[in-house]
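Worksheet: one structure, shown below.
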Amino acid sequence: MMTLYFDNNATTPVAPEVLDEMLPYLRDYYGNPSSMHTFGGQLHRKVEEARARVAQLIGAEPEEIIFTSCGTESDNTALMSAVESLPGRRHIITTRVEHPAVLNFCKHLARKGYRVTFLPVNNYGQLSIDALLKAADEDTAVVSVMYANNETGNIFPIMQIGEVLREKRIVFHTDAVQTVGKIAIDVKKLPVDMLSLSGHKLHAPKGIGALFVRKGMRFFPYIIGGHQERGRRAGTENVASIIALGKACELAMQKLNDEVPYLTRLRDKLETALLQSCPDARVNGDAGSRLPNTTNISFEYVEGEAILLRLNEYGICASSGSACASGSLEPSHVLRAMGVPFTAIHGSIRFSLSRYNTEAEVEKVTEVMPQIITLLRQLSPFGRDKIAGNIKCP
Ligand code: PLP
Numbered sequence: 110m111m112t113l114y115f116d117n118n119a120t121t122p123v124a125p126e127v128l129d130e131m132l133p134y135l136r137d138y139y140g141n142p143s144s145m146h147t148f149g150g151q152l153h154r155k156v157e158e159a160r161a162r163v164a165q166l167i168g169a170e171p172e173e174i175i176f177t178s179c180g181t182e183s184d185n186t187a188l189m190s191a192v193e194s195l196p197g198r199r200h201i202i203t204t205r206v207e208h209p210a211v212l213n214f215c216k217h218l219a220r221k222g223y224r225v226t227f228l229p230v231n232n233y234g235q236l237s238i239d240a241l242l243k244a245a246d247e248d249t250a251v252v253s254v255m256y257a258n259n260e261t262g263n264i265f266p267i268m269q270i271g272e273v274l275r276e277k278r279i280v281f282h283t284d285a286v287q288t289v290g291k292i293a294i295d296v297k298k299l300p301v302d303m304l305s306l307s308g309h310k311l312h313a314p315k316g317i318g319a320l321f322v323r324k325g326m327r328f329f330p331y332i333i334g335g336h337q338e339r340g341r342r343a344g345t346e347n348v349a350s351i352i353a354l355g356k357a358c359e360l361a362m363q364k365l366n367d368e369v370p371y372l373t374r375l376r377d378k379l380e381t382a383l384l385q386s387c388p389d390a391r392v393n394g395d396a397g398s399r400l401p402n403t404t405n406i407s408f409e410y411v412e413g414e415a416i417l418l419r420l421n422e423y424g425i426c427a428s429s430g431s432a433c434a435s436g437s438l439e440p441s442h443v444l445r446a447m448g449v450p451f452t453a454i455h456g457s458i459r460f461s462l463s464r465y466n467t468e469a470e471v472e473k474v475t476e477v478m479p480q481i482i483t484l485l486r487q488l489s490p491f492g493r494d495k496i497a498g499n500i501k502c503p
């Protein structure tokens, strides 16, 4: 059976061009870039070439890029460095809809005595800049607001937030793990101090990430040991994956202008068809400010997990919430923060597309979904009541 992969916010397939570029560095050129001999030392140049490619995609200088092992490490490092660089300040601001890489690290810092403000969002998942301004005070060391949400695709007003924080001289970190490679980013114009990204969300392998740290920022390493990454992140470089990330960034840069309209069209086609063919379905998020590849739809009176299992029978991969939270039936913290009704949270499905999805794949999903939803509603007592007209939708 063919796999129809609509779970690209969980992880993406490695691009063939990326795999080709990295393989020789696993198979043949396995040296250590810190070695004195040519065999290893020549890899240093390849690592720097990759750094320049990553930097170029986000408008940074190569020396502003630190390679890490993943988005989570980049997020943890950014927050830790920010609080360490301002030891007199004990307050952190973030949002209730962050990925656990930020959310749980902030909770960890709260247990260590930091004061953390978790900003709420409205029903569309939007953040109030006024609320952020009210929360910021002389004690605030860092604000961390994600660039785009992994579950809904909502894009946050990073430009405006950065501008107000710059006036207040508060460090601003953004988790752009879901954003880099999906929409254009230029840190020359964007007032952020640190920005996290992760390879496996943009067609590089898992286990490689990067952190942008603006030149002039005080920085404290999180992983301490050798002198790699100019003393900012110890550990022998993951050369093949670094090269892969560089190639993935170069590809993203070349393809972005075509991909944004392509993915928007496919996503909108999918979303419109599902809303038309499945009664009592609603889109979660901010339709006016979303990643082009993501739609999160709630189908009332059905369980998301049951939908996923049925989709799986057709080879269709989607998600019923954050990939990192899958395996638990905890309702999504993002949708809860948005005040999505309980029944709608449980029937929510995220479809996230990539350059490899086709029109025919979207048509297949739009063909099978109404059948699945009707069948599941017939099977569930709640759904049967709904079909019989005993329950009125709000
Ligand atoms: N931040 C966001 C917004 C994410 O979606 C993810 C992964 O899903 C992460 C951070 C963690 O990235 P990684 O899996 O590379 O650690």
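Per my numbering: the sequence shown = residues 110 to 503. Just so you know, even glycine gets a beta-carbon here, dropped at the ideal spot from N, CA and C.
Which of helix, strand or coil DSSP assigns to residue i
i	result
R391	strand
Y114	strand
A432	Because the pLDDT at A432 is just 37, under 50, the model does not fix this residue reliably, and the value given afterwards should be weighed accordingly. Of the three classes helix, strand and coil, the one that applies to A432 here is helix, per DSSP.
C179	coil
R459	strand
M303	strand
N405	strand
N232	coil
L379	helix
L195	coil
V251	strand
L360	helix
N185	helix
D295	coil
H200	strand
I481	helix
I270	helix
T283	strand
F214	helix
V348	helix
L132	coil
Cα-Cα separation between residue i and residue j, rounded to whole angstroms
i	j	result
Q165	A124	19 Å
L188	H442	21 Å
A434	H309	Because A434 sits at a pLDDT of 45, beneath the cut-off of 50, its placement in the model cannot be relied upon, and the following sentence gives the value as read from the coordinates. Rounded to the nearest angstrom, the two C-alpha atoms are 17 Å apart.
G51	V449	With the chain covering 110 to 503 only, the question about residue 51 has no answer from this structure.
T483	S489	10 Å
A432	H146	With a pLDDT of 37 at A432, under the threshold of 50, the modelled position of this residue cannot be trusted, and the question is left open.
M447	E260	12 Å
M131	T112	25 Å
R162	P171	8 Å
G413	A390	12 Å
S144	G150	5 Å
G290	C179	15 Å
R445	I454	7 Å
A469	D284	33 Å
Y134	A357	15 Å
G424	A219	43 Å
F148	Y138	7 Å
L375	N117	14 Å
Whole-angstrom C-beta distance between residue j and residue i, which should lie under 8 Å
i	j	result
A353	A313	5 Å
V156	V348	6 Å
C387	F115	About 16 Å separates the two Cβ atoms, so there is no contact after all.
I175	R341	5 Å
L417	S429	5 Å
L379	T475	6 Å
Cβ pair residue i, residue j closer than 7 Å
i	j	result
P401	T373	yes
D246	V211	no
G234	N263	yes
I456	V411	The amino acid occupying residue 456 in the given sequence is Gly; Ile does not appear at that position. Contact flag set, yes.
L311	V286	no
F321	E173	yes
N421	R459	no
A343	I333	yes
T403	S463	no
V230	V251	no
L241	L228	yes
D302	R323	yes
Any chain C beta carbon closer than 7 Å to residue i
i	result
E359	Protein chains in the displayed structure number just one, and chain C is not present.
Selected residue, minimal CA-CA separation from residue i, among the options
i	options	result
F451	N231, V301, E409	E409
K298	G168, I270, M362	G168
I292	A446, R399, R323	R399
K221	A159, L242, S237, R199	R199
S237	D248, I202, H217	I202
K315	T181, D389, A390	T181
F281	G335, R339, S194	S194
H208	T345, L375, A119	A119
E346	G140, P122, L444	G140
R154	L128, L485, E439, G355	G355
A415	L383, E472, R486, Q363	R486
F215	T186, P196, N232	According to the sequence displayed, residue 215 carries Cys and not Phe. Minimum Cα distance to C215 is reached at T186.
Ligand 2 heavy atom lying under 6 Å from the CB of residue i
i	result
C179	Questions concerning ligand 2 fall outside what the structure shown contains, since the ligands it does hold are ligand 1.
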